[in-house]
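Per the working numbering: the sequence shown = residues 1031 to 1199.
Here the structure comes first, spelled out in structure tokens, and everything after it is commentary.
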Amino acid sequence: MPQRPNIALRDLRTRLPALQAFITERGGEVLSPTNDFEVLRFRAQGGVHVVSRQASGHITYGGDSALAVQCWLAHLPWRGSDSHRGQAGKRLRSLNVRTLLERDGDACFLCGQALGDDITEEHLVPVTHGGPDHIANKVLAHAACNKRMGHLSVMEKIRLRDQELRAAC
Ligand SMILES: [Zn+2]
1031 MPQRPNIALR
1041 DLRTRLPALQ
1051 AFITERGGEV
1061 LSPTNDFEVL
1071 RFRAQGGVHV
1081 VSRQASGHIT
1091 YGGDSALAVQ
1101 CWLAHLPWRG
1111 SDSHRGQAGK
1121 RLRSLNVRTL
1131 LERDGDACFL
1141 CGQALGDDIT
1151 EEHLVPVTHG
1161 GPDHIANKVL
1171 AHAACNKRMG
1181 HLSVMEKIRL
1191 RDQELRAAC
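Here it is in structure tokens:
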């Protein structure tokens, strides 16, 4: 979670045009507030994020709005557009992949061969079946092996893997 941006409501309001420009220039879309408590509403990275004020004068940050405001204040890179999702995903994936390589070593979950550059992440329990999008539910596999595991259940994957590894011996 990003830290809470260090800006008072009054300053945020005064500098709102600059923040809106920051968002727009980076591919986000500034939307009209839907009620008086919304200070800023914008669409970015496929979601709508809202900064609002409470009656007490405090600011609440919905969605990923805190991150955007934080990046704006700190002059950090921030992406508001889905068209860059591939790049962001790649960065995220390489971090996951690095962690998984450390945990499991350079071997395909299914065939046990070295992965090399042919690395994909496989969810043991598919996300469509309620599996978490978390590293604990992930293994690395060759793209082709990943595809072969396709929609198998965890038990079927492990069975297939046992067959593969036995055949390789
Ligand atoms: Zn493989």
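All C-beta atoms in this analysis are idealised placements derived from N, C-alpha and C, irrespective of residue type, glycine included.
Taking all protein chains shown into account, do 16 or more other C-beta atoms lie within 10 angstroms of the C-beta of K1177, making it buried, or fewer, making it exposed?
-> Against the sequence shown, residue 1177 aligns to sequence position 147. Exposed is the call here.
Compute every distance between the C-beta of H1172 and the non-hydrogen atoms of ligand 1, then say whether any falls below 6 angstroms.
-> On the sequence shown, position 142 is the one that residue 1172 refers to. Remark: the C-beta of H1172 is in contact range of ligand 1, defined as less than 6 angstroms to any heavy atom.
Enumerated in chain order, which unbroken segments of the beta strand (DSSP E) with a length of 3 residues or greater are wholly contained in the stretch 1137-1171?
-> Taking only runs of at least 3 residues, the beta strand (DSSP E) segments lying wholly in the stretch 1137-1171 are 1150-1153, 1168-1171.
Quickly, what does DSSP pair L1070 with across the bridge? List them, please.
-> Along the sequence shown, one-based indexing puts residue 1070 at 40. L1070 is bridged to V1081.
Can you have a look at G1058 and say buried or exposed, based on whether 16 or more other CB atoms are within 10 angstroms of its CB?
-> Sequence index remark: in the sequence shown, residue 1058 carries index 28 (1-based). Counting Cβ neighbours within 10 Å, G1058 comes out buried, since at least 16 surround it.
Backbone secondary structure at T1044 - three-state DSSP | If you number the sequence shown from 1, residue 1044 lands on position 14. DSSP places T1044 in helix when its eight states are reduced to three.
For L1097, which of helix, strand or coil comes out of DSSP?
-> What you label residue 1097 is simply residue 67 of the sequence shown in a count that begins at 1. In the three-state scheme derived from DSSP, where H, G and I count as helix and E and B as strand, L1097 is classed as helix.
Give every residue of the same chain whose Cβ lies closer than 6 angstroms to the Cβ of A1074, excluding the five residues on either side of it in the sequence, and list them in chain order.
-> Start at 1 with the first residue of the sequence shown, and residue 1074 comes out as number 44. For A1074, where only same-chain residues beyond five positions count, the Cβ hits under 6 angstroms are G1058, G1110.
May I ask you to report which of helix, strand or coil DSSP gives D1037?
-> Position 7 of the sequence shown, counted from the start, is the residue given in the question as residue 1037. First, the amino acid is wrong: residue 1037 is Ile here, not Asp. Note: I1037 maps to coil in three-state DSSP.
My understanding is that L1145 touches A1137, with C-beta atoms under 8 angstroms, so please give their C-beta distance in whole angstroms.
-> Taking the sequence shown and counting its residues from 1, one reaches residue 1145 at position 115. Taking the sequence shown and counting its residues from 1, one reaches residue 1137 at position 107. Their Cβ separation, rounded to whole angstroms, is 7 angstroms, which keeps L1145 and A1137 in contact under 8 angstroms.
How many angstroms separate the CA atom of E1055 from the CA atom of V1069?
-> Here residue 1055 refers to the residue found at position 25 when the sequence shown is read from its first residue. Here residue 1069 refers to the residue found at position 39 when the sequence shown is read from its first residue. Each residue's Cα considered, the two are about 19 angstroms apart.
Would you check if the distance between the CB atom of K1187 and the CB atom of M1179 is smaller than 7 angstroms?
-> Looking up residue 1187 in the sequence shown gives position 157. Looking up residue 1179 in the sequence shown gives position 149. Taking 7 angstroms as the Cβ cut-off, K1187 and M1179 qualify as a contacting pair.
Name the residue from D1148, D1163, A1098 whose alpha carbon lies nearest to the alpha carbon of A1173.
-> Locating residue 1173 in the sequence shown gives position 143, where the first residue counts as 1. Closest option to A1173, Cα to Cα, is D1148.
Taking just the CA atoms, how far does R1191 sit from G1116?
-> By 1-based counting over the sequence shown, the position of residue 1116 is 86. By 1-based counting over the sequence shown, the position of residue 1191 is 161. Since pLDDT at G1116 reaches only 48, below the 50 mark, its modelled position is unreliable, and the value read off the structure follows with that caveat. So the two alpha carbons sit approximately 30 angstroms from each other.
L1140 beta carbon near ligand 1 (any heavy atom closer than 6 angstroms) | Numbered from 1 along the sequence shown, position 110 holds the residue referred to as residue 1140. At a cut-off of 6 angstroms, the beta-carbon of L1140 counts as near ligand 1: some heavy atom of the ligand is closer than that.
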